[in-house]
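Engineer:
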Amino acid sequence: MSERPPISPRSPRAALEPEQVPPPPKRSDRARNPFVIVGNAIFTLLIILMIGAGAVYYYGKQTLEAPGPLQEDKIVNIPARATKRDIADALSREGVINVNPWVFIGSVFALKASSDLKPGEYSFQKNASLRDVIATMVEGKVVQHAVTIPEGLTSEQIVTRLSDNDIFAGSVREIPREGTLLPETYKFPRGTTRDQVIQRMQQAQKRVLAEIWERRNPDTPLRSPDQLVTLASIVEKETGRADERSRVAAVFVNRLRQKMKLQSDPTIIYGLVGGKGTLGRPIKRSEITQPSPYNTYVIEGLPPGPIANPGRASLEATANPARTRDLFFVADGTGGHAFTETYDQHAKNVAKLRASEKQIQNDTVEPADDPPPAAAVPGSADTNPTAATPPKPTNQKKPPRGGRQGAAQQTTSPPVVQR
64 MSERPPISPR SPRAALEPEQ VPPPPKRSDR ARNPFVIVGN AIFTLLIILM IGAGAVYYYG
124 KQTLEAPGPL QEDKIVNIPA RATKRDIADA LSREGVINVN PWVFIGSVFA LKASSDLKPG
184 EYSFQKNASL RDVIATMVEG KVVQHAVTIP EGLTSEQIVT RLSDNDIFAG SVREIPREGT
244 LLPETYKFPR GTTRDQVIQR MQQAQKRVLA EIWERRNPDT PLRSPDQLVT LASIVEKETG
304 RADERSRVAA VFVNRLRQKM KLQSDPTIIY GLVGGKGTLG RPIKRSEITQ PSPYNTYVIE
364 GLPPGPIANP GRASLEATAN PARTRDLFFV ADGTGGHAFT ETYDQHAKNV AKLRASEKQI
424 QNDTVEPADD PPPAAAVPGS ADTNPTAATP PKPTNQKKPP RGGRQGAAQQ TTSPPVVQR
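If you read the sequence shown in my numbering, its first letter stands for residue 64, the second for the next number, and so on.
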């Protein structure tokens, strides 16, 4: 065991004096190097930035992925030329997002979607996150509106329907040629111009017509696709039943083969009103013989053009009509038609239809109510009472006299009245 050094005695005065503290060690020349100082500062700054970036990344990820405030699916329209701030305000106003507009703008930049946001009408899903909202607008998943154009409308009637539909923009520069539009159910985003709708319908009609013309029965007396459309438009207007189209087409095809007049009521109406489509009153007997390029009771063969826009089914039926010898058809009173090969049988079917119509009219006439008794006048007596004459029924209709013996006789066409 080592011995402790002896303690030297100190005077009281020396004991009261503080011991001298040794000076701090001098910094090395390397520590005083400016490059080291700058490096240390940069390193410290990088550490701070990395911590900050991590915090921002975590916050941003949470903000982008967090479920949105929407409680149910909602459609929002983002107008054209809207700025990012306008978009953020619109989404916030509609309850799609609940973040500060600058957070939305920052998220757009973070996702590199600054120039990819597309205007339009969007359907945002329930609880859509901020990332989902931005992705929907980047991909342009706009709402598609289904628009159905019924078969058998004229081009003028179709243009009127498009003009009345507020999802479309602009106006139609000119009414398209009859028979060049394909009736169908289409889907369009809001803001589609009406001219674009017309162009799409025309393109669809050209494509479908070309396909059907290639598959047509070569024995039909139709020499061009235009003639196919013309006859199909007559078939379209004559029947709305799918199971009758090919047979109605066969009647007209057989008549063309035998050089018989088509005698179709809808052609008379088109010759009178053109693209308006409906006459609004019964056909007058004098109009049956009235000369018109479209009156198939007067002209031979097909009219100069279609009388409506036929659908795919009527085009198919006309291109491949049923193999029958029918030359006549008349409404059977049940929504369908009775087809015959001879005029005599057709005349019997017409008579049967007229008798059925007369019976229906008689059954619908309601008996007159009994008149109320006359009120007694005080101080007088009725010495010669007479029964009041019941009023004549006003809703009784006179059955039509006879019927036209053409190809088409149906109750859906306006009845002929004597002028």
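The C-beta atom is built at its ideal place from N, Cα and C for all residues, glycine as well.
List the endpoints of the continuous beta strand (DSSP E) containing residue 333.
Structural biologist: On the sequence shown, position 270 is the one that residue 333 refers to. Here residue 333 belongs to no beta strand (DSSP E); instead the alpha helix (DSSP H) covers 328 to 336.
Engineer: Whole angstroms is fine: what's the gap from residue 151's alpha carbon to residue 113's?
Structural biologist: For this step, residue 151 is matched to residue 88 along the sequence shown. For this step, residue 113 is matched to residue 50 along the sequence shown. If you take the alpha carbons of residue 151 and residue 113, they lie about 29 Å apart.
Engineer: I'd like the list of long-range same chain contacts for residue 317, defined as Cβ closer than 7 Å, with 5 residues on each side in sequence excluded.
Structural biologist: Counting from 1 along the sequence shown, the entry for residue 317 is found at position 254. Around residue 317: 388, 389 and 390.
Engineer: What alpha helix (DSSP H) runs, 4 residues minimum, are completely inside the segment 284 to 315?
Structural biologist: Entirely contained in the segment 284 to 315, the alpha helix (DSSP H) runs reaching 4 residues are, in chain order, 288 to 301.
Engineer: Output the residue ranges of the alpha helix (DSSP H) runs that lie fully inside the segment 113 to 197 and measure 4 residues or longer, sorted by chain position.
Structural biologist: Correct list: 147 to 156 and 164 to 173.
Engineer: Give every residue of the same chain whose Cβ lies closer than 7 Å to the Cβ of residue 213, excluding the five residues on either side of it in the sequence, and list them in chain order.
Structural biologist: The residue you call residue 213 lines up with position 150 of the sequence shown. The answer, listed in chain order, is 246.
Engineer: Give me the Cα-Cα distance between residue 238 and residue 338, rounded to the nearest whole angstrom.
Structural biologist: Translated into the one-based positions of the sequence shown, residue 238 becomes position 175. Translated into the one-based positions of the sequence shown, residue 338 becomes position 275. Taking the straight line joining both Cα atoms gives about 10 Å.
Engineer: Could I get the ranges of all uninterrupted alpha helix (DSSP H) runs contained in the segment 319 to 402, with 4 residues as the minimum, in chain order?
Structural biologist: The segment 319 to 402 contains these whole alpha helix (DSSP H) runs: 328 to 336, 348 to 351 and 375 to 382.
Engineer: Taking the CB atoms as reference points, tell me whether residue 228 and residue 206 lie closer together than 8 Å.
Structural biologist: Within the sequence shown, residue 228 is the residue found at index 165, counting from 1. Within the sequence shown, residue 206 is the residue found at index 143, counting from 1. No, the Cβ-Cβ distance between residue 228 and residue 206 is not below 8 Å.
Engineer: By the 10 Å Cβ neighbour count, where 16 or more other Cβ atoms means buried, how is residue 357 classified, buried or exposed?
Structural biologist: Along the sequence shown, read from residue 1 onward, the residue named residue 357 stands at position 294. Residue 357 is buried by the Cβ-count criterion.
Engineer: DSSP three-state label for residue 441, please.
Structural biologist: The residue you call residue 441 lines up with position 378 of the sequence shown. Below a pLDDT of 50, predicted positions are generally treated as unreliable, and residue 441, at 35, falls in that range; no measurement from the model is reported.
Engineer: Is residue 205 helix, strand or coil by DSSP?
Structural biologist: As a working note, residue 205 is residue 142 in the sequence shown. Note: residue 205 maps to strand in three-state DSSP.
Engineer: Do you know offhand how far residue 185's Cα is from residue 268's?
Structural biologist: Locating residue 185 in the sequence shown gives position 122, where the first residue counts as 1. Locating residue 268 in the sequence shown gives position 205, where the first residue counts as 1. Spanning the two alpha carbons is a distance of roughly 30 Å.
Engineer: If we call anything under 8 Å between Cβ atoms a contact, is residue 394 one with residue 299?
Structural biologist: As a first step, residue 394 is located in the sequence shown; it is residue number 331 there, counting from the start. As a first step, residue 299 is located in the sequence shown; it is residue number 236 there, counting from the start. Contact flag unset, no.
Engineer: For residue 222, which of helix, strand or coil comes out of DSSP?
Structural biologist: Counting from 1 along the sequence shown, the entry for residue 222 is found at position 159. Helix.
Engineer: In terms of residues, what are the limits of the alpha helix (DSSP H) holding residue 273?
Structural biologist: Within the sequence shown, numbered from 1, the residue matching residue 273 stands at position 210. Where residue 273 is concerned, the enclosing alpha helix (DSSP H) stretches over 257 to 277.
Engineer: Consult DSSP for residue 243 and reduce its assignment to one of helix, strand or coil.
Structural biologist: Taking the sequence shown and counting its residues from 1, one reaches residue 243 at position 180. Coil, per DSSP.
Engineer: Using a Cβ-Cβ cutoff of less than 8 Å, which residues in the same chain neighbour residue 398 once the five nearest sequence positions on both sides are dropped?
Structural biologist: To locate residue 398, count along the sequence shown from 1; it is residue 335. Within the same chain, residue 398 has close Cβ partners 304.
Engineer: Per DSSP, residue 249 is paired with what?
Structural biologist: As a working note, residue 249 is residue 186 in the sequence shown. 210, per the DSSP bridge assignment.
Engineer: Just tell me which of 265, 242 and 234 has its CA closest to the CA of residue 249.
Structural biologist: Taking the first residue of the sequence shown as position 1, residue 249 is located at position 186. Nearest option by C-alpha distance: 265.
Engineer: Considering only the beta carbon of each residue, do residue 148 and residue 132 sit closer than 8 Å?
Structural biologist: For the purposes of this step, residue 148 is taken as residue 85 along the sequence shown, with counting starting at 1. For the purposes of this step, residue 132 is taken as residue 69 along the sequence shown, with counting starting at 1. No.
Engineer: Between the Cα of residue 353 and the Cα atoms of 343, 335 and 342, which residue gives the shortest distance?
Structural biologist: To locate residue 353, count along the sequence shown from 1; it is residue 290. The shortest C-alpha separation from residue 353 is found at 335.
Engineer: What residues are listed by DSSP as bridge partners for residue 232?
Structural biologist: For the purposes of this step, residue 232 is identified with residue 169 of the sequence shown, where counting begins at 1. The partner list for residue 232 (beta bridge, DSSP) reads 256.
Engineer: Would you decide whether residue 233 is buried or exposed? Buried here means 16 or more other CB atoms lie within 10 Å of its CB.
Structural biologist: In the sequence shown, residue 233 corresponds to position 170, counting from 1. Exposed, since its Cβ has fewer than 16 Cβ neighbours within 10 Å.
Engineer: Rounded to whole angstroms, how far is the Cβ of residue 276 from the Cβ of residue 382, which I believe are closer than 8 Å?
Structural biologist: By one-based count along the sequence shown, residue 276 stands at place 213. By one-based count along the sequence shown, residue 382 stands at place 319. Indeed they touch by this definition, with Cβ atoms about 7 Å apart.
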